[in-house]
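Residue numbers (the numbering used here): 947 to 1106. Every residue, glycine too, gets a C-beta built ideally from N, C-alpha and C. Bear in mind the structure is a predicted one, so any value in this text is a computation, not a measurement. Here is the structure we will look at, set down as structure tokens.
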Amino acid sequence: MTVKKKLLAVALGVTCCLSLAGCGGDSGKQEGGTADKSVARVVETTDVATQGEKKDWKIAVVVKDSSNGWFARMDEGVKQYAADTGINAYQKGPAATDAAQQVQVIQDVMNQGINALCVVPVDPAACDPVLKEARDKGIVVITHEGSTCKNSDYDLEAFN
947 MTVKKKLLAV
957 ALGVTCCLSL
967 AGCGGDSGKQ
977 EGGTADKSVA
987 RVVETTDVAT
997 QGEKKDWKIA
1007 VVVKDSSNGW
1017 FARMDEGVKQ
1027 YAADTGINAY
1037 QKGPAATDAA
1047 QQVQVIQDVM
1057 NQGINALCVV
1067 PVDPAACDPV
1077 LKEARDKGIV
1087 VITHEGSTCK
1097 NSDYDLEAFN
């Protein structure tokens, strides 16, 4: 399996777990959640986790709107994933739900040397050209709720 495919597997696992974490409510418990265990299992069982220094990996998650409560909760999951795995994973997003601003955020994180990009697109058509640029640079691109994006390595949908 190539390094790109292995990184794709890790990024997919991260995205799935973060989606689950975003759906969960606050039960008051600080440990032992299903999403936490799933993240650890994905990282431990993927060969890429044993290659290179995890601290050198960068996974950016770009959301629709960084002020939205849903995405604030998702950011907690991204931060927890980074803490649990040692992988440099972080979340960014525009201040408001705006496709042009989101494209700018994507371009900004691409210039930070990321290995994988997880995007919840505001407007898949507006994001597609910049996602193509990312893929052309060798960045693994995963969309969430972006089934019409043509330039994604994988798309996660809530109900498929």
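Own chain, CB closer than 6 Å to residue i, minus 5 neighbours either side, in chain order
i, result
"V1007", "V1024, Q1037, C1064"
"V1087", "L1063, L1077, A1080, R1081, S1098, D1099"
"T1043", "K1010, D1011, V1068"
Collapsed DSSP secondary structure at residue i in the structure displayed
i, result
"D1069", "coil"
"K1078", "helix"
"Q1037", "strand"
"A1062", "strand"
Opening and closing residue of the beta strand (DSSP E) in which residue i lies
i, result
"A1006", "1004-1008"
"D1101", "1100-1102"
Residue i burial status per 10 Å Cβ neighbour count (16 or more: buried)
i, result
"G1092", "buried"
"W1016", "exposed"
"G1039", "buried"
"D937", "Because the chain here runs from 947 to 1106, residue 937 falls outside it and cannot be looked at."
"D1082", "exposed"
"P1067", "buried"
8 Å CB neighbourhood of residue i in its chain, flanking five on each side removed
i, result
"V1055", "A1006, V1008, K1038, L1063"
"A900", "The chain is shown from 947 up to 1106; residue 900 falls before or after that span and cannot be answered."
"Q1050", "P1040"
"G974", "With a pLDDT of 39 at G974, under the threshold of 50, the modelled position of this residue cannot be trusted; read the value that follows with caution. So the list is empty, once near-sequence residues are dropped."
Cutoff 7 Å; reference residue i; Cβ partners in own chain excluding five residues on either side
i, result
"P1070", "G1092, T1094, C1095"
"K1004", "N1034, Q1058, G1059, I1060, N1061"
"E1103", "E1091, S1093"
Euclidean distance between Cα positions of residue i and residue j
i, j, result
"Q1053", "G1084", "14 Å"
"A1046", "T1031", "32 Å"
"E1022", "S1012", "12 Å"
"C1073", "M1020", "20 Å"
"T1089", "F1105", "14 Å"
"A1029", "D1101", "25 Å"
Span of the alpha helix (DSSP H), counted from its first residue to its last, around residue i
i, result
"D1054", "1045-1056"
"T1089", "Counting along the chain, T1089 falls outside any alpha helix (DSSP H), though it belongs to the beta strand (DSSP E) covering 1086-1090."
"K1025", "1015-1031"
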